[in-house]
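Shown next, in structure tokens, is the structure this report addresses.
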Amino acid sequence: MMNIIDKLEKNARLDFDDALALYELDLFTLGHFANLRRMRMWGKKVYFNINRHINPTNICKDICKFCAFSANRKNPNPYKYTKEEVLQIAADAYGRGIKEIHIVSAHNKEYDLYWYLDVFKKIKADFPKLHIKALTAAEVHFLSTLHGFSYDTIVEMMIEAGVDSMPGGGAEIFDEKIRAYICKGKVTSENWLKIHKIWHKKGKFSNATMLFGHVEGKKERIDHMLRLRDVQDRTGGFNAFIPLVYQRDNNYLKVENFLGSQEILKTIAVSRLVLDNIPHIKAYWATATLSLAMVAQEFGADDLDGTIEREAIQSAGGAKSADGQALQDFLDIIITSGFTPIERDSLYNELRIYEETGCVC
Ligand code: V47
């Protein structure tokens, strides 16, 4: 039997018990191996993109205990964008040089499949180069139930309407017991994975998230990663894994012990080592804070996500991300930390390498 250090030195594939053993290593030993893997894959590059989030409505039929975004007693602030408003936001964003719009929303039957398809088609007609990342697997499931269409049909219609990639939202935690407690009624884990498999089989790429730092434990996190690795072995369609740090305000989930930075960094490092087949690990600055997301680049992550412009989901839960992140702040923190900022497109093609000063002025 090889011990965990032997396995890491030999780059062997890690199983469930190995992954648990990783958490037992001290932070710097674990970080050393995660960073070695990251450096072999991406050197000193830190990826990000210039993007814009659009969330058409926050009125949702589901009540996920962790969610502060959806309009409810704790967030009595319902809103509904019209198509014209969404199209205007996309047009303005494109005018400012935004390259990706990320459209996800609440589960609301007034916003049916045809509403979204019309919006996607119009955006693509006006701005064919603007990448549309839209509809989580949770939304695909909701729309499938609403219309009685199969997942395959919905995915085909999304592609036809111009959706380029699928975001990783709605994955939460796959463990069925925890899932039933935190987001009963949402797409099942099996169906979340199935929808992404269907999407990948059509030659398309997507991301995968994991919401952590609430009532789950290390075992559930590892189980989550291994289920993703299994799908990725078959399809190769996940571009990035995004561990989302749970934000605690304005929701119905009672959590006693919040995660400290060490456990967040360990989880990112574990994900880099366990997910040996997913190319990118995002330290999502909106939930980790920009400083910790930058430190995470030394612990296995290689991406900070994007400038976002308007962030509504995590900021409703207390994150300081409502107004996005200035490009110059990304460049400054990446360069002063000794890394190279790489502006990428949504599929990780490199668009611009900021070699030295990184000044965009
Ligand atoms: O699935 C909801 C999460 C996700 C909270 O694919 C919360 O590139 C923390 O998926 N604390 C939606 N997280 C956002 C998302 C995403 C974000 C950035 C990039 C990509 C990508 C995807 O937000 C939901 C849920 O897990 N979320 N409430 C909260 N209190």
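For the sequence shown, this note's numbering begins at 3 and goes up steadily by one. Heads up, the beta-carbon is just placed ideally off N, CA and C, and yes, glycines get one too. Predicted model only: the values in this text are computed from it and were never measured.
At the C-beta level, Phe176 and Ser152 stay beyond 8 Å of one another.
Proximity of the beta carbon of Gln316 to the ligand V47 is indicated: a heavy atom of the ligand is located closer than 7 Å. Glu174 has its CB nearer than 7 Å to a heavy atom of the ligand V47. Counting only runs of 4 or more residues that sit fully inside the stretch 32-80, no alpha helix (DSSP H) segment turns up. For Gly239, the CB stays at least 7 Å from every heavy atom of the ligand V47.
Beta bridge pairing from DSSP links Val217 with no other residue. The straight-line gap separating the alpha-carbon atoms of Leu275 and Arg39 is approximately 7 Å.
With respect to Ile283, Phe243 sits close: the two C-beta atoms are nearer than 8 Å.
For Ala36, same chain residues with a beta-carbon under 7 Å away, outside a window of 5 residues either side, are Ala271, Arg274, Leu275, Phe301 and Gly302 in chain order. Excluding residues up to 5 positions away in sequence, Leu294 lie with their Cβ nearer than 7 Å to the Cβ of Ser263 in the same chain.
DSSP places Ser107 outside both helix and strand once states are collapsed to three, so it counts as coil. Residue environment: Leu353 is assigned as exposed (fewer than 16 neighbouring CB atoms within 10 Å of its CB, all protein chains considered). Rounded to whole angstroms, Ser323 and His226 show a C-alpha spacing of 26 Å.
For Lys284, the beta-bridge partners assigned by DSSP are Asp305. CA-CA distance, Leu24 to Arg231, rounds to 17 Å.
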